[in-house]
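Worksheet for the structure shown next.
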Amino acid sequence: MILQRTLTRLLTMIATLFGVAVVVFVVIRIAPGDPIAMMLPPGASQADIDRLRALYGLDKSLIEQFVIWLSGVVHGDFGTSISLRQNVLGLVLGRLPATLELSIFALLIALAIGLPLAVLGARERGTAVEAGIDVANGVALSIPDFLWGLVLILLFGVLMPVFEISGRVSPQLDLPFTTNFYLFESIVRLRFDLTANLLGHMFMPALALALPLAAIIAQLLKQSLKELLTLDYMVLARVKGFSETQVILREGLKNAALPTLTLVGVQFTFLIGGTVIVERLFSYEGLGNMAIDAVVNRDLPLIQGIVLVFALLFVVINLAVDMAYALLNPRLRHG
Amino acid sequence: MSTPCLEIESLSATLANGVRVLRSVSLTVEPGEVRALVGESGAGKSMIGKAVLGVLPPSIRVVEGRITLEGTDLGNLSPRASRALIGARTALIPQDPLTALNPSRRIGPQMTDRLVRILGWDSAKADRRIRKLLDDVRIREPDRVLRCYPHELSGGMRQRVLIAAAFAAEPRLIVADEPTTALDVTVQKQILRLIAELQREHGTAILFVTHDLGVVAKISQKVTVLYAGKVVEQADTAALFAAPQHAYTRALMAATPRYTDPMASLRPVDEAVLAGLSAEIATADRNWKPNTKGSGHD
Ligand SMILES: Nc1ncnc2c1ncn2[C@@H]1O[C@H](COP(=O)(O)OP(=O)(O)OP(=O)(O)O)[C@@H](O)[C@H]1O
Ligand SMILES: [Mg+2]
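So the protein sequences, as listed, match chains L and D. Sequential numbering from 343 applies to the first sequence in our numbering. Sequential numbering from 940 applies to the second sequence in our numbering.
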């Protein structure tokens, strides 16, 4: 039973990734723009062009190219970047930690803003406080992440320069890191000076990514809490003598989190998608920033590699959400 | 005379649109006594129970009257203090055991949380107490039950759990809101017997909400008959059954099933009686003005 479910799940994941691979592979080859022409100086001979084309395998049929690429991927070889002339897998893995740290930090900020607002709004339901929260949520939601980025750059980068607006870490610093998970490693190594510097760089892009998600969490969770608050077990908890806040936190939060969780999972994947533009905006050296360069340079192997890694991330997040859902729901756990 | 356990004086409540749902209700529950609150569906029985426990929905406004718990006027307390007092002195046995337990928390913590968190008992003492009461309600495998989630227990088991939890903190007053209505008939009898037994053993006063006169006769010493939010008759239970004074009470009795006349349950309460009552209430509503500010607690 469980084995069958896991197997189905695994096959679905593989099918999803395969689908993504096909679509990306085809689309970037149909889209206008010739990567080879961009690599060579103007006036290169046709022979040079053909030689380079053959070198990157672009002279073969689409299907042949796909099969070659896919069999490489299965063996962990994602090909060579056309613009950077380096191993795609190495490039992608080098940048992935920066994007992961940024996204997770943004998720934490979104939770830190959204959860208390949801609880407060549910407790103060029907009052001006709730109305204020609704308005703030509306504003946060109707401005997309990259515009938040611009607003934040204006506010805290230009008008009141508190945070760094560019890069991942100050370039003059000596970095003792062995992995690219700088933030994580700085904490593990107790180099809190570096942690502070990293956070100073990461804070604004993360906040820009977090605000819309925070609004969604606040709104959804508040709504589910309000629906739960009239239920009998909530009434019973009040009779027991628990304060409204205690009732919400002890009896409500876990049950309200279930319906919210799935949507937060989906929204988190959108957030990761948002890193592409936001990283660019803040010159943050992550995967998203690299993706834009890859597209601009028509670097087909690199685009494919990056998209596949993003797809893998999404699939894994969905899996994690489903597992968390089952873990939180005693009915699923036993049934 | 001793201080009543619960005293409701001239309690009136309205919906947001001004429609009255409670009409100057007064009733008293003496220490250790069971008072039945009987009336048909929609009469406002649950509303009275919720008002006493301070859990009226926000759409309901108390516009006059006073609720006194063991001599303390709840209207004089801050919301926080009134909730603390209600938490310490009262308990609720709810109508529907299926929805009155949190589906995502185990039974054990749901039973002990009031003892530990509100009354400040240490958890070993709370645990002993809960096990004693589970034994009292004839739950034979306390270890298993305490570890269960609500959906793993039958309705009857859950109601036993809720009854045990209600008595565990030694409340002075329990509001039981139709505690057997959601259960099937054989289980109803067992549950009723358990409540009666625990009530005698602990000497707890109970405001027992029901629409079933058969239950009234079995469990209560006093009875208040409610119609459309208005008290139509109050009496000793025995006296009421021997000689009901009000036409509505008589009509209600006539509509109650007996084993000798099972079809009676299908007989509605006499139309003429209801028409008379409604006219009486309409006149009273026209002349009514709340004479005090609402008792304030939510
Ligand atoms: N949350 C609410 N908002 C508005 N009106 C309500 C609300 N709850 C109850 N009422 C109304 O108040 C009146 C009294 O309801 P109440 O629940 O006290 O009746 P009851 O005597 O307990 O009936 P039952 O036997 O069906 O439980 C009814 O007319 C009902 O429609
Ligand atoms: Mg009711």
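All C-beta atoms, glycine included, are put in the ideal place defined by N, C-alpha and C.
Continuous beta strand (DSSP E) stretch holding residue i: start and end
i: residue 973(D); result: 973-977
i: residue 1169(D); result: 1169-1175
i: residue 1031(D); result: 1029-1032
i: residue 1147(D); result: 1144-1149
i: residue 1228(D); result: Run containing residue 1228(D): none; DSSP gives neither H nor E here.
i: residue 1113(D); result: 1112-1116
Minimum Cβ-Cβ distance from residue i to chain L less than 7 Å
i: residue 1038(D); result: yes
i: residue 1041(D); result: yes
i: residue 983(D); result: no
i: residue 1233(D); result: Any reading at residue 1233(D) needs caution, since the residue's pLDDT is 45, under 50, leaving its predicted position unreliable; the model's value is listed next. No, its Cβ sits nowhere closer than 7 Å to a Cβ of chain L.
i: residue 1236(D); result: In this predicted model, residue 1236(D) has a pLDDT of only 46, less than 50, meaning its place in the structure is not dependable enough to derive any value.
i: residue 994(D); result: yes
i: residue 1121(D); result: no
i: residue 1130(D); result: no
i: residue 1022(D); result: yes
i: residue 974(D); result: no
i: residue 1057(D); result: yes
i: residue 1018(D); result: no
i: residue 1033(D); result: yes
i: residue 1053(D); result: yes
i: residue 1014(D); result: no
i: residue 1026(D); result: yes
Expected contact under 8 Å - CB spacing of residue i and residue j to nearest Å
i: residue 647(L); j: residue 434(L); result: 5 Å
i: residue 1259(D); j: residue 989(D); result: Nothing can be reported for residue 1259(D): it is not among the residues displayed for chain D, which extend from 940 to 1237.
i: residue 456(L); j: residue 556(L); result: 4 Å
i: residue 1163(D); j: residue 1170(D); result: 6 Å
i: residue 643(L); j: residue 360(L); result: Actually they are not in contact, since the Cβ atoms of residue 643(L) and residue 360(L) sit about 18 Å apart, beyond 8 Å.
i: residue 523(L); j: residue 443(L); result: 6 Å
i: residue 1094(D); j: residue 1037(D); result: 6 Å
i: residue 495(L); j: residue 546(L); result: 7 Å
C-beta neighbour in chain D for residue i, strict 7 Å
i: residue 578(L); result: yes
i: residue 466(L); result: no
i: residue 667(L); result: no
i: residue 581(L); result: yes
i: residue 593(L); result: yes
i: residue 574(L); result: yes
i: residue 564(L); result: no
i: residue 596(L); result: yes
i: residue 677(L); result: Confidence is the limiting factor: at residue 677(L) the pLDDT is only 41, short of 50, which leaves the residue's position unreliable and the question unanswerable from this model.
i: residue 352(L); result: no
Residue i beta carbon near ligand 1 (any heavy atom closer than 6 Å)
i: residue 963(D); result: no
i: residue 954(D); result: yes
i: residue 1217(D); result: no
i: residue 445(L); result: no
i: residue 982(D); result: yes
i: residue 997(D); result: no
i: residue 1150(D); result: yes
i: residue 960(D); result: yes
Continuous alpha helix (DSSP H) stretch holding residue i: start and end
i: residue 476(L); result: 470-484
i: residue 1128(D); result: 1124-1141
i: residue 1165(D); result: Residue 1165(D) -> not in any alpha helix (DSSP H); beta strand (DSSP E) instead, spanning 1161-1166.
i: residue 440(L); result: 430-465
i: residue 497(L); result: It is not in any alpha helix (DSSP H) - residue 497(L) carries neither H nor E in the DSSP assignment.
i: residue 1092(D); result: Unbroken run through residue 1092(D): none, as it is neither H nor E.
i: residue 1194(D); result: Neither: residue 1194(D) is in no alpha helix (DSSP H) and is coded neither H nor E.
i: residue 1014(D); result: Run containing residue 1014(D): none; DSSP gives neither H nor E here.
i: residue 667(L); result: 642-670
i: residue 1152(D); result: 1152-1158
i: residue 635(L); result: 629-638
Near ligand 2: residue i beta-carbon under 6 Å from a heavy atom
i: residue 985(D); result: yes
Closer than 6 Å: residue i CB and nearest ligand 4 heavy atom
i: residue 951(D); result: For the structure depicted, ligand 4 is absent and the ligand set comprises only ligand 1 and ligand 2.
Within chain B, the residues that residue i reaches when beta carbons sit closer than 7 Å
i: residue 1047(D); result: Chain labels in this structure do not include chain B; the protein chains are L and D.
Worksheet item: Fully enclosed by the stretch 942-1011 of chain D, which beta strand (DSSP E) runs are 3 residues long or longer?
Response: 945-953, 959-968, 973-977, 1000-1008
Worksheet entry | Complete runs of the beta strand (DSSP E) confined to the stretch 557-623 of chain L [at least 3 residues] | none
Worksheet item: Which whole runs of the beta strand (DSSP E) in the stretch 1022-1089 of chain D are 3 residues long or more, in chain order?
Response: 1029-1032
Worksheet item: In the stretch 348-423 of chain L, which residue ranges form an unbroken alpha helix (DSSP H) of at least 4 residues, counting only runs that do not cross its ends?
Response: 377-381, 388-397, 404-416
Item to complete: Could you name each continuous alpha helix (DSSP H) segment of 4 residues or more that falls completely within the stretch 499-563 of chain L, going from the start of the chain to the end?
Response: 524-530
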